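Below is one structure, written out as structure tokens; comments come after it.
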Amino acid sequence: MTRQRLLVIGWREWITLSGLECPTPIKAKIDTGAATSALHASKLEYFEVDGHPWVRFTIRPHQRRTGGATRVEAPVIDERRVRSSNGKSELRPVIETEISLGEQVWNVELTLTRRNAMGFRMLLGRRALRRRAVVDVGSSYRLGAPPLRQEEA
Numbered sequence: 218m219t220r221q222r223l224l225v226i227g228w229r230e231w232i233t234l235s236g237l238e239c240p241t242p243i244k245a246k247i248d249t250g251a252a253t254s255a256l257h258a259s260k261l262e263y264f265e266v267d268g269h270p271w272v273r274f275t276i277r278p279h280q281r282r283t284g285g286a287t288r289v290e291a292p293v294i295d296e297r298r299v300r301s302s303n304g305k306s307e308l309r310p311v312i313e314t315e316i317s318l319g320e321q322v323w324n325v326e327l328t329l330t331r332r333n334a335m336g337f338r339m340l341l342g343r344r345a346l347r348r349r350a351v352v353d354v355g356s357s358y359r360l361g362a363p364p365l366r367q368e369e370a
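Heads up: the sequence shown begins at 218 in our numbering, then just goes up one per residue.
Spelled out as structure tokens, the structure:
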């Protein structure tokens with residue numbers, strides 16, 4: 218992809234986890250300071266399918282709201298030690314899934330972790346953006362307005 222064809226995105230965007238069949242868009246922070254991408258996952262359960270590690274978890278797309286929770290399963294492709302913004306190191310499962318960002322769709326690796334205290338349920342790091350997007354740090358939601366909340370619809 219040439220530089221002229223790179224997707225221009227804001228510092229926060231709405232992302233759909235199409236590969237995990239999670240219908241509710243997730244507010245994601247676009248963080249070029251983070252190498253890896255992370256997704257808030259609760260109720261993690263490890264299991265095996267044909268001798269290969271898998272993980273089952275719940276995605277809660279909205280901060281401080283219970284609606285829209287989706288229970289999903291995915292193969293674990295790796296485990297990585299990640300240092301969080303507070304300096305603590307944590308071993309996290311890594312999955313690969315398809316995301317939709319605006320009209321673009323591609324696969325990314327996501328580490329699964331608890332992001333309760335963070336302002337965003339998802340963090341999209343620079344590896345996921347490489348050769349695909351550039352960030353306009355002065356704008357938000359360049360690829361579309363946030364979806365209406367149920368009570369606003």
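For each residue, glycine too, the CB sits at the ideal point set by N, CA and C.
Being a predicted model, the structure only gives us computed values, none of them experimental.
- Here residue 254 carries a strand assignment [DSSP, helix/strand/coil].
- Residue pairing for residue 271: DSSP places it in a beta bridge opposite 264 and 292.
- Here the alpha carbon of residue 331 sits roughly 8 Å from the alpha carbon of residue 256.
- Rounded to whole angstroms, the separation of the alpha carbons of residue 291 and residue 253 is 18 Å.
- Annotation for residue 223: no beta strand (DSSP E) segment contains it, and DSSP assigns it neither H nor E.
- Each of 287, 234 and 268 was checked against the Cα of residue 259, and the nearest Cα belongs to 287.
- When secondary structure is reduced to three states using DSSP, residue 236 falls in the helix class.
- In the three-state reduction of the DSSP assignment, residue 345 falls in the helix class.
- By the neighbour-count definition (other C-beta atoms within 10 Å, threshold 16), residue 323 is an exposed residue.
- Straight-line spacing of the CA atoms in residue 355 and residue 227 works out to 7 Å.
- Per the coordinates, the alpha-carbon of residue 352 lies some 6 Å from the alpha-carbon of residue 225.
- When the beta-carbon positions are compared, residue 294 and residue 313 come within less than 8 Å of each other.
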